[in-house]
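Using the numbering used here, the first residue of the sequence shown is number 471, and each one after it goes up by one.
In this text, a Cβ means the ideal position worked out from N, Cα and C, and glycines have one as well.
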Amino acid sequence: IWEEVLKNLQSELDESEIKTWLEPLTIAELRGDMITLSAPNKFYKKWTDDKFLKHIKKVFNNTLGIDADVTVVVGGVKKPHTQEAASVPAGAPVYVHKNGSGLNRDYTFANFVAGGSNEFSFSACEAVSEGQFMQYNPLFIYGGSGLGKTHLMHAVGNRILEKFPKMKVLYITSETFTNDMINSLRTRKMEEFQARYRTIDVLLFDDVQFLSGKQRSTEEFFNTFNALYDNQKQIIITSDKTPAEIPDMEDRLKSRFAWGLIADIQPPSTEEKTAILMKRAEFMGLKLPGEVALFIAENMITENVRELMGALVRLSAFASFHKRGLTIDLAKDALDKFIVKKDKMVSSDDIVNAVCKYFNVKMADLRSKKRTKSISFPRQIAMYMLREKLNLSLQEVGSIFGGRDHSTVLHAVNSIAGKHEESKEIQLIISTLEKDLYCQS
Ligand code: ADP
Ligand code: MG
């Protein structure tokens with residue numbers, strides 16, 4: 471997994487820093503959330519502690535999905551056995567195209583699992599990468615975090631360069647675009663900046679929602695967009711929201727996003743999650759039995775594919791450190807914190823406490839007659855959870871909340887149930903509460 475971490479650090483640190491200071495480190499121990507790195511000598515330790523530790527922690531948190539406690543020791547601890555069958559092979563480094571396209575070659579169509587939840591975006595991306603440029607222009611892809619938007623975008627870029635090596639493809643995030651613009655303003659090189667972005671054939675613009683509220687960058691992007699569009703160049707944009715939902719952004723830009731095709735990516739189903747896990751395992755050189763993949767897909771409460779990938783890294787690290795095979799039992803241990811304990815006994819107090827903690831409200835307030843939204847909404851959620859999870863009767867639920875009558879409870883429960891399907895906000899609240907209640911052992 472160290473290779474995996476180093477790979478992910480490339481977005482945060484200079485390649486030379488990683489090569490010089492971090493490649494010589496190894497993971498000495500992995501115990502729960504405690505990660506010990508071994509450094510060749512005390513200079514490495516000092517540099518790592520002073521300069522890199524917070525980046526390393528962040529990347530561990532992102533890849534493993536845990537709040538890792540990372541310490542660096544000098545030598546001492548014996549080298550981990552990287553030869554274990556279950557360990558991640560010394561992963562191929564990320565080959566960034568040398569032509570400055572910003573593309574990551576690891577993100578291809580070949581290792582992307584297409585299915586119902588991303589079918590629409592996937593097909594549109596395939597069409598674009600076949601060179602059908604003006605058909606979907608711009609192609610606007612939106613969907614929640616970790617659902618594969620960035621991956622698809624790179625896949626398009628990689629495919630286009632494969633087919634049309636002379637084309638100028640540029641992948642850029644809205645943040646990099648903004649930084650680039652600020653630097654160009656500061657150094658009075660705006661003309662170069664504009665020329666740079668307006669001579670591209672395919673612009674892959676990631677996470678456009680971060681332009682929200684940034685007037686100057688939005689304006690520059692608007693101009694870039696128009697210049698490219700007028701010259702019939704392909705533009706692909708991603709966002710975590712639909713154009714209409716992006717706050718603080720000029721309508722004239724948002725309306726342009728709808729000129730072409732707007733495609734969504736939805737969270738994967740259990741079958742899709744299983745397929746994605748299997749494919750990624752294959753890519754990592756990990757022999758993951760189908761039943762273990764299915765177990766993870768079914769039991770991990772997450773819709774985020776990035777978190778699923780993290781689970782796989784964690785699983786393989788556990789297998790190699792504890793010299794255990796990839797079994798369901800291992801998955802239970804390695805992913806303890808993320809797995810639903812279906813048989814876990816949860817009481818009504820647990821549920822009410824979890825709701826109070828989530829919304830930062832007091833139990834007394836939920837029991838009180840208060841009807842302000844900040845109290846009544848958490849109360850409705852708590853009632854819904856008590857019905858759903860514990861099957862309590864309407865009377866029983868009512869009595870927990872200061873003796874409310876059953877029609878009040880019914881109304882509350884129905885109100886949440888009715889919104890559950892479409893409201894992302896409510897889904898997130900419920901799944902966070904479920905994680906809190908059922909995942910901690
Ligand atoms: P987003 O940009 O939507 O937040 P990413 O494209 O960064 O998500 O995807 C997160 C991780 O999940 C990446 O490692 C990506 O390779 C992987 N991933 C997401 N969807 C799929 C899929 N359908 N098939 C294979 N890997 C996927
Ligand atoms: Mg992304």
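To which residues of the same chain is residue i closer than 6 Å at the C-beta, ignoring the five residues directly before and after it?
| i | result |
| --- | --- |
| F592 | A584 |
| L731 | A594, Y606, L609 |
| M604 | Q702 |
| I798 | V762, F765 |
| V816 | L907 |
Determine, using beta carbons only, whether residue i and residue j come nearer to each other than 8 Å.
| i | j | result |
| --- | --- | --- |
| A852 | L864 | no |
| A801 | V825 | no |
| R464 | T643 | Given that the chain is displayed from residue 471 to residue 911, the structure contains no residue 464 and the question cannot be resolved. |
| V810 | I766 | no |
| A834 | Y854 | no |
| M623 | I630 | no |
| T648 | K684 | yes |
| A672 | I707 | According to the sequence shown, residue 672 is Val rather than Ala. In this structure, I707 does not lie closer than 8 Å to V672 by Cβ. |
| L723 | F692 | yes |
| L778 | L758 | no |
| F680 | E632 | no |
| L573 | G613 | no |
| E773 | P737 | yes |
| E690 | M651 | yes |
| V475 | G616 | no |
| V420 | L507 | Residue 420 is absent from the structure shown; the chain starts at 471 and stops at 911. |
| S818 | L862 | yes |
| S838 | G873 | no |
| V639 | S571 | yes |
Which of the three DSSP states is assigned to residue i in this structure?
| i | result |
| --- | --- |
| R501 | strand |
| T552 | Annotation note: pLDDT 34 at T552 (below 50); position unreliable, no value reported. |
| F675 | strand |
| K731 | Here residue 731 is Leu; the residue named in the question, Lys, does not match the sequence. If DSSP states are grouped into helix, strand and coil, L731 belongs with the strands. |
| Q480 | coil |
| D539 | strand |
| L856 | helix |
| A762 | Here the sequence assigns Val to residue 762, which means Ala is not the residue at that position. Three-state result, V762: helix. |
| L507 | strand |
| G583 | The question names Gly, but residue 583 in the sequence shown is Val. Coil. |
| S709 | strand |
| V564 | Low per-residue confidence applies at V564: pLDDT is 35, beneath 50, and the placement is therefore not dependable, though the value from the model is reported in the following sentence. DSSP places V564 in coil when its eight states are reduced to three. |
| M770 | strand |
| T669 | coil |
| T578 | coil |
| Q664 | helix |
| Q704 | strand |
Determine the direct distance from the alpha carbon of residue j to that of residue i, and round the result to whole angstroms.
| i | j | result |
| --- | --- | --- |
| K711 | A498 | 41 Å |
| R501 | P510 | 21 Å |
| L907 | D806 | 13 Å |
| F582 | M754 | 14 Å |
| E720 | V783 | 41 Å |
| K524 | W472 | 15 Å |
| G586 | S739 | 8 Å |
| L903 | Y828 | 8 Å |
| F791 | V543 | 18 Å |
| D803 | A789 | 10 Å |
| T657 | R666 | 15 Å |
| E600 | W729 | 20 Å |
| G760 | Q480 | 32 Å |
| D484 | D734 | 34 Å |
| I670 | A625 | 17 Å |
| D503 | L756 | 22 Å |
| I611 | E742 | 19 Å |
| A580 | A751 | 14 Å |
| P559 | A787 | Summary for P559: the model assigns pLDDT 29, below 50, so the residue's position carries little reliability; its value from the coordinates is reported in the next sentence. Going by the C-alpha atoms only, they are around 11 Å apart. |
| T533 | S725 | 36 Å |
| Q897 | E487 | 41 Å |
| F513 | E482 | 21 Å |
| T744 | R686 | 43 Å |
| L495 | L796 | 26 Å |
| N884 | K814 | 26 Å |
In its own chain, which residues sit with a C-beta less than 8 Å from the C-beta of residue i, not counting the 5 before and 5 after it?
| i | result |
| --- | --- |
| D875 | G868 |
| H621 | Y577, F582 |
| P848 | V825, C826, Y828, F829, V831, L836 |
Excluding sequence positions up to five away, which residues of its chain have a Cβ less than 7 Å from the Cβ of residue i?
| i | result |
| --- | --- |
| W931 | Examination of residue 931 is not possible in this model, given that the chain is present from 471 through 911 alone. |
| L698 | R668, I670, L673, I705 |
| K749 | N581, V583 |
Against chain B, with Cβ distances strictly below 8 Å, would residue i count as a contact?
| i | result |
| --- | --- |
| A852 | The displayed structure is made up of one protein chain only, and chain B is not part of it. |
Query - alpha helix (DSSP H) segments (min. 4 residues) lying fully within the region 600-656 - result: Runs of the alpha helix (DSSP H) inside the region 600-656: 619-633, 644-656.
Requested in this report: Let me know the alpha helix (DSSP H) ranges lying completely inside the region 775-851, each 4 residues or longer, listed in chain order.
Outcome: Counting only runs that start and end inside the region 775-851, the alpha helix (DSSP H) elements of at least 4 residues fall at 775-791, 798-804, 818-829, 833-837.
Requested in this report: Return the chain-ordered ranges of every beta strand (DSSP E) run that is complete within the region 864-907 and spans a minimum of 3 residues.
Outcome: If one requires a minimum length of 3 residues, no beta strand (DSSP E) run lies completely within the region 864-907.
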